[in-house]
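S.K.:
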Amino acid sequence: MRDVILYMSMSLDGLVGSEREHPGMAIPEGAELKQWKLERIRTAGAHLMGRTTYLEMASYWPHSEDEYAAPMNDVPKVVFSKTLTDAEANWPSTRVARGELAAEIAAIKEEPGADVIVWGGRRLAGALAAADLIDEYRLLIQPLVLGAGEALFDQLPASRHLKLVEALPFSSGVVVHIYRREG
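Below, the structure is given as structure tokens:
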């Protein structure tokens, strides 16, 4: 069975979105962090995202020359949306998941292939976390304090205990914390 792995950039104060700065864009990632991220994208079985993230990425990656473009374009994508009808037309290898979140995730996990990633998308990531559908969190903690913005875990119905698996510091100041669900 495939795992669902969330990658999320966040500030030291736990914010994943803000009108002040974007936690994933505020600090230049540096070559070693970019390589680490590329290795994980290249081996993903699928990339899960919400509609807003999909629309942003679909307008950019198919035409980009960035090193991220090839794996982003090659990895199969699943967009969670009740309103999109044909995601494949905008970004090849993309399908739309319209069903109930837990049922869709259960079906994706049963498919053959490598683990699937959720890369950003605060609303989808928050809903997955609230429903306890994330097997592993890979939080890219930025050396940045925003003071105001959107939190990843604001949809949780109760506290959740996670087990720290690894912490990876990078020269950019970003520290990746990897957590797994307990139990």
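Quick note: the sequence shown uses the working numbering, first residue 14, plus one each step.
Ideal placement from N, C-alpha and C gives every residue a C-beta, glycine not left out.
Just so we're clear, the structure is a prediction, and the values are computed from it rather than from any experiment.
Quick one: what does DSSP say H35 is sitting in, helix, strand or coil?
M.R.: In the sequence shown, counting from the first residue as 1, residue 35 sits at position 22. Reduced to three states, the DSSP call for H35 is coil.
S.K.: Among the candidates G139, A180, R151, whose CA atom is the shortest distance from the CA of G63?
M.R.: Residue numbering aside, residue 63 sits at position 50 when the sequence shown is read from its first letter. Here the closest residue by C-alpha is G139.
S.K.: Going along the chain, which unbroken runs of the alpha helix (DSSP H) with 4 or more residues stay wholly within the stretch 27-109?
M.R.: Whole alpha helix (DSSP H) segments, 4+ residues: 43-55, 64-71, 82-87.
S.K.: What is the DSSP secondary structure of R135, reduced to helix, strand or coil?
M.R.: Counted from its first residue, the sequence shown places residue 135 at position 122. Reduced to three states, the DSSP call for R135 is helix.
S.K.: Taking contact to mean at least 3 C-beta pairs separated by less than 8 Å, is the stretch 104-113 in contact with the stretch 32-43?
M.R.: These segments do not touch.
S.K.: Is DSSP giving A127 helix, strand or coil here?
M.R.: As a first step, residue 127 must be located in the sequence shown, where it is residue number 114. In the structure shown, A127 sits in coil (DSSP, three-state: anything other than H, G, I, E or B).
S.K.: Please classify I18: does DSSP put it in a helix, a strand, or coil?
M.R.: As a working note, residue 18 is residue 5 in the sequence shown. Correct three-state label for I18: strand.
S.K.: With three or more C-beta pairs closer than 8 Å as the rule, is the stretch 87-102 touching the stretch 111-119?
M.R.: Output reads yes: the stretch 87-102 touches the stretch 111-119.
S.K.: Is it true that the CB of G160 sits closer than 9 Å to the CB of R33?
M.R.: Stepping through the sequence shown from its first residue, residue 33 is reached at position 20. Stepping through the sequence shown from its first residue, residue 160 is reached at position 147. Yes, the Cβ-Cβ distance between R33 and G160 is below 9 Å.
S.K.: Report the partner residues of V178 according to the DSSP bridge assignment.
M.R.: Working through the sequence shown from its first residue, we reach residue 178 at position 165. Its beta-bridge partners do not exist; DSSP assigns none.
S.K.: In three-state terms, what does DSSP make of I118?
M.R.: Reading the sequence shown from its first residue, position 105 is the one you call residue 118. In this structure, I118 counts as helix in the three-state DSSP scheme.
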